[in-house]
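The UniProt record's numbering puts the first residue of the sequence shown at 1, with every later residue one more than the last. The block underneath contains the structure these notes are about, expressed in C-alpha cells.
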Amino acid sequence: MKMRCIPLFLSCCISLAASAQQKISGLRFLSEYSLPRAWKFEGTPVGGLSGIDYDSARQQYYLISDDRSARSAARFYTANILLSAKGIDTVIFTRVTTLKQAGGSTYPSFAKDASKTPDPEAIRYNPLQQQLVWTSEGERIVGGAYAVLTNPGIFIMDSTGRLQDTFALPHNLYMQSIEKGPRQNAVLEGLSFTPGYKLLFTNVEEPLYEDGPRAGLTDNKAFIRLYKFDAVTHAHTGEYAYKLQPVARPAKDPNGIQMNGVSDILAIDSNHLLVLERSFSEGRLAFTVRIFLADISKAENIIDNPSLKDKPTAHPAAKRLLLDMDKLPVYIDNIEGMTFGPKLRNGHTTLICVADNNFNFLEKPQLLLFEVLP
Numbered sequence: 001m002k003m004r005c006i007p008l009f010l011s012c013c014i015s016l017a018a019s020a021q022q023k024i025s026g027l028r029f030l031s032e033y034s035l036p037r038a039w040k041f042e043g044t045p046v047g048g049l050s051g052i053d054y055d056s057a058r059q060q061y062y063l064i065s066d067d068r069s070a071r072s073a074a075r076f077y078t079a080n081i082l083l084s085a086k087g088i089d090t091v092i093f094t095r096v097t098t099l100k101q102a103g104g105s106t107y108p109s110f111a112k113d114a115s116k117t118p119d120p121e122a123i124r125y126n127p128l129q130q131q132l133v134w135t136s137e138g139e140r141i142v143g144g145a146y147a148v149l150t151n152p153g154i155f156i157m158d159s160t161g162r163l164q165d166t167f168a169l170p171h172n173l174y175m176q177s178i179e180k181g182p183r184q185n186a187v188l189e190g191l192s193f194t195p196g197y198k199l200l201f202t203n204v205e206e207p208l209y210e211d212g213p214r215a216g217l218t219d220n221k222a223f224i225r226l227y228k229f230d231a232v233t234h235a236h237t238g239e240y241a242y243k244l245q246p247v248a249r250p251a252k253d254p255n256g257i258q259m260n261g262v263s264d265i266l267a268i269d270s271n272h273l274l275v276l277e278r279s280f281s282e283g284r285l286a287f288t289v290r291i292f293l294a295d296i297s298k299a300e301n302i303i304d305n306p307s308l309k310d311k312p313t314a315h316p317a318a319k320r321l322l323l324d325m326d327k328l329p330v331y332i333d334n335i336e337g338m339t340f341g342p343k344l345r346n347g348h349t350t351l352i353c354v355a356d357n358n359f360n361f362l363e364k365p366q367l368l369l370f371e372v373l374p
C-alpha cells in the first residue's frame with residue numbers, strides 16, 4: 001500500500017481520545033496545513049475534498065472528494081492527520097476507496113451517464129454500525145436541449161464503498177423542472193450525527209425556491225432548511241429554518257456570481273449545531289467563512305410548512321457567531337468540511353476544517369486546526 005507523507009517536523013504532545021464538547025464559547029486558531037497542488041495518490045488526483053470525519057477508534061480520517069467520476073471514479077480517502085504542540089504535523093494518505101452503486105459498479109462520469117453521476121459533498125462515520133454515510137447533491141439542468149433532473153441522496157456504505165442502504169428524502173428535496181425544490185449545486189452540503197448516533201442532520205446549502213431568495217448583499221430573508229432524521233429507522237422527523245448571513249462582498253463584475261450558503265454542519269447535541277457559512281464572490285480569490293453556533297431548541301418544526309416565502313416562520317433557529325475566518329492570519333480558501341478531532345492535553349477538543357480546491361491550481365487544498373473553547 002502506497003503512502004504519501006508531508007512532514008512539518010514538529011514534536012508530538014497530543015492525547016488521541018476525541019469527543020464533542022457540550023458547551024462551546026469559541027474557537028482558537030492553531031495552525032494551517034497545505035497539501036501539495038496537483039498531486040496523486042494511488043493513481044487518483046487528490047482534490048475536491050468537500051467532507052471530512054474522524055474515526056477516533058482507529059485514529060484516522062475519512063475525506064470525500066467531489067470529483068464526479070470525471071478525473072477518476074467517485075471516491076473517498078482514508079488518512080492519518082498527526083498533530084503536535086504547534087499544530088498539524090503530518091498528513092498521510094493511506095487508502096482510496098471508490099463509491100459503489102447498488103449493483104457494485106463504480107459511478108459513471110457525467111459524460112457517460114449524467115443521470116447517474118453523483119456529486120459527493122459530505123461524509124460521516126457511524127462506529128456503532130461500522131458504516132459510512134455520504135451525501136450527493138444530485139443535478140438540475142433545465143431550460144435547454146439537454147435536461148437532467150437527478151435527486152440528491154443520503155447513502156449508507158461499508159468501508160469498502162459498497163452501498164448498503166439509503167435514506168428516503170422528503171419531496172421538497174426532489175429536483176423539478178419548474179422553480180420548486182432545490183437549486184442546482186445548492187443541496188445536501190452538510191451532514192452530521194448527534195453524539196450517540198441516534199439522530200442525523202443534513203442541510204440544503206441555499207434556500208429552496210419556495211422558501212425565498214438566495215442571500216443578497218444586504219440583510220436578507222434567505223432561509224435554508226436543516227433536516228432531521230432518526231439515524232436508526234431513517235424516519236424524517238424535523239425541518240428547521242436557519243437564516244443565512246448576507247453575501248460578504250460584491251462580485252467584481254456586477255453580473256458576476258456572488259453567494260453565501262452553508263457548506264457543512266456539526267451536531268453538538270440534539271439541539272445545537274456548528275454551522276459553517278461560506279461566502280464567495282466572483283473576481284475575488286479568498287472566501288469569507290464563518291462558523292456559527294445554531295440552537296433549534298425553540299425553533300419551529302416546519303416539516304409541514306411547504307413554503308417559507310408564503311408562510312414565514314416566527315421561530316427560526318437561533319444563531320451566534322463563534323469564528324470569522326477573515327480575522328485569521330492566513331489565506332482562507334474554499335472551506336467545505338469540518339470535524340471534531342482528537343483532544344488536546346488540556347482536555348479541549350480540536351476542530352479540523354478542510355478546503356475543496358475544485359481541482360484548480362489557483363485554489364489551495366488546505367486544512368485548518370482549531371481548539372474548541374468550552
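Ideal Cβ positions, reconstructed from N, Cα and C, are used throughout, including at glycine. Small disclaimer: the values here were computed from a predicted structure and weren't measured.
Output needed for Leu373: all residues of its chain with C-beta closer than 8 Å, excluding positions within five of it in sequence on either side, in chain order.
Taking the first residue of the sequence shown as position 1, residue 373 is located at position 373. Closer than 8 Å at Cβ, skipping near neighbours: Ile24, Ser25, Gly26, Leu27, Arg28, His348.
Sorted by chain position, which residues of the same chain lie with C-beta nearer than 6 Å to Asn301's C-beta, five sequence neighbours on each side aside?
Locating residue 301 in the sequence shown gives position 301, where the first residue counts as 1. Here the set comprises Gly238.
Can you tell which of Gly48, Ala70, Gln164, Leu276 has the C-alpha that lies nearest to the C-alpha of Val289?
Within the sequence shown, the letter at position 289 stands for residue 289. Among Gly48, Ala70, Gln164, Leu276, the Cα nearest to that of Val289 is on Leu276.
In whole angstroms, give me the CA-to-CA distance for Arg278 and Val262.
Sequence index remark: in the sequence shown, residue 278 carries index 278 (1-based). Sequence index remark: in the sequence shown, residue 262 carries index 262 (1-based). Cα to Cα, Arg278 sits roughly 6 Å from Val262.
Going by other Cβ atoms of all chains shown within 10 Å of its Cβ, with 16 needed for buried, is Leu199 buried or exposed?
On the sequence shown, residue 199 is found 199 positions in, with the first residue counted as 1. That one is buried.
In three-state DSSP terms, what is His236?
Translated into the one-based positions of the sequence shown, residue 236 becomes position 236. Strand at His236.
Counting beta carbon pairs with one atom in the segment 305–314 and one in the segment 245–254, are three or more of them shorter than 8 Å?
Segments in contact, no.
With DSSP as the reference, please indicate the residues paired to Met259 in a beta bridge.
Looking up residue 259 in the sequence shown gives position 259. Met259 pairs with Phe280.
Helix, strand or coil, according to DSSP, for Ser25 in the structure here?
Here the question's residue 25 lines up with position 25 in the sequence shown. Coil, per DSSP.
Within a Cβ cutoff of 6 Å, which residues of the same chain sit near Ser297, ignoring the five residues on either side of it in sequence?
Here residue 297 refers to the residue found at position 297 when the sequence shown is read from its first residue. The answer, listed in chain order, is Asn271.
Do you know how far the Cα of Leu169 is from the Cα of Asp119?
Within the sequence shown, numbered from 1, the residue matching residue 119 stands at position 119. Within the sequence shown, numbered from 1, the residue matching residue 169 stands at position 169. Rounded to whole angstroms, Asp119 to Leu169 spans 16 Å at the Cα level.
Could you tell me if residue 380 is buried or exposed, where buried requires 16 or more neighbouring beta carbons within 10 angstroms of its beta carbon?
Here the chain comprises residues numbered 1 to 374, so residue 380 is not present and cannot be evaluated.
Taking Asn80 as part of the beta strand (DSSP E), name the residues at either end of that continuous run.
For the purposes of this step, residue 80 is taken as the residue at position 80 of the sequence shown. Start and end: 75–84.
Between Met175 and the rest of its own chain, which residues show a CB-CB distance below 8 Å, the 5 nearest in sequence each way excluded?
Against the sequence shown, residue 175 aligns to sequence position 175. The residues are Gly138, Glu139, Arg140, Leu149, Thr150, Asn151, Pro152, Gly181, Pro182.
In this structure, what does DSSP give as the bridge partners for Arg183?
To locate residue 183, count along the sequence shown from 1; it is residue 183. DSSP lists no partner for Arg183.
Got a sec: does the ligand GDP put a non-hydrogen atom nearer than 7 Å to the Cβ of Met325?
As presented, the structure is devoid of all ligands, the ligand GDP included, so that no description of it is given.
DSSP three-state label for Leu208, please.
Locating residue 208 in the sequence shown gives position 208, where the first residue counts as 1. Three-state DSSP puts Leu208 in coil, outside helix and strand.
Using C-beta distances below 6 Å, list every residue in its chain close to Thr44, excluding the 5 sequence neighbours before and after it, in chain order.
Residue numbering aside, residue 44 sits at position 44 when the sequence shown is read from its first letter. Around Thr44: Ser72, Val96.
Start and end of the beta strand (DSSP E) containing Val330?
Counting from 1 along the sequence shown, the entry for residue 330 is found at position 330. Val330 -> no beta strand (DSSP E), and no H or E assigned at all.
What do you reckon, are the CB atoms on Ala79 and Leu63 nearer than 8 Å?
Position 79 of the sequence shown holds residue 79. Position 63 of the sequence shown holds residue 63. Their beta carbons are under 8 Å apart, which means Ala79 touches Leu63 by this criterion.
Does His171 come out as helix, strand or coil in the three-state DSSP assignment?
In the sequence shown, counting from the first residue as 1, residue 171 sits at position 171. Helix at His171.
With Phe110 and Ala70 assumed to form a contact (beta carbons below 8 Å), what rounded beta-carbon distance in angstroms separates them?
For the purposes of this step, residue 110 is taken as residue 110 along the sequence shown, with counting starting at 1. For the purposes of this step, residue 70 is taken as residue 70 along the sequence shown, with counting starting at 1. About 7 Å separates the two Cβ atoms, so the contact holds.
So, under 8 Å CB-CB, Ala215 and Val247 are touching, yes? Tell me the CB distance rounded to an integer number of Å.
Taking the sequence shown and counting its residues from 1, one reaches residue 215 at position 215. Taking the sequence shown and counting its residues from 1, one reaches residue 247 at position 247. Right, the Cβ-Cβ distance comes to about 5 Å (below 8 Å), so this counts as a contact.
List in chain order: all unbroken beta strand (DSSP E) runs of 3+ residues lying wholly within the segment 314–366.
Counting only runs of 3 or more, we get 318–324, 335–343, 349–355.
Go to Ala38, then tell me how far its beta strand (DSSP E) extends in each direction, as first and last residue.
Numbered from 1 along the sequence shown, position 38 holds the residue referred to as residue 38. No beta strand (DSSP E) holds Ala38; DSSP gives it neither H nor E.
Report yes if the CB atom of Phe340 is closer than 8 Å to the CB atom of Tyr54, and no otherwise.
Your numbering for residue 340 matches position 340 in the sequence shown. Your numbering for residue 54 matches position 54 in the sequence shown. Yes, the Cβ-Cβ distance between Phe340 and Tyr54 is below 8 Å.
The beta strand (DSSP E) with Gly87 in it runs from where to where?
Within the sequence shown, residue 87 is the residue found at index 87, counting from 1. First-last of the beta strand (DSSP E) with Gly87: 87–98.
Measuring only the C-alpha atoms, how far is Arg345 from Pro329?
Position 345 of the sequence shown holds residue 345. Position 329 of the sequence shown holds residue 329. So the two alpha carbons sit approximately 24 Å from each other.
Between Ile224, Gly48, Glu336, which lies nearest to Asp66 when the distance is taken from Cα to Cα?
Locating residue 66 in the sequence shown gives position 66, where the first residue counts as 1. When only C-alpha atoms are compared, the closest one is Gly48.
Judging by CA-CA distance, which residue of Ile123, Val354, Leu83 is the nearest neighbour of Phe76?
Here residue 76 refers to the residue found at position 76 when the sequence shown is read from its first residue. The residue with the shortest Cα to Cα distance from Phe76 is Ile123.
So what does DSSP say about Lys221, is it helix, strand or coil?
What you label residue 221 is simply residue 221 of the sequence shown in a count that begins at 1. Here Lys221 sits in coil by DSSP.
Would you give the residue range spanned by the beta strand (DSSP E) that Phe110 belongs to?
Within the sequence shown, the letter at position 110 stands for residue 110. Careful: Phe110 lies outside any beta strand (DSSP E) and carries neither H nor E.
Have a look at Glu121, Trp39, Gln101, Phe93 and flag the residue whose alpha-carbon is nearest the alpha-carbon of residue 397.
This structure gives no information on residue 397, because the portion of the chain shown stretches from 1 to 374.
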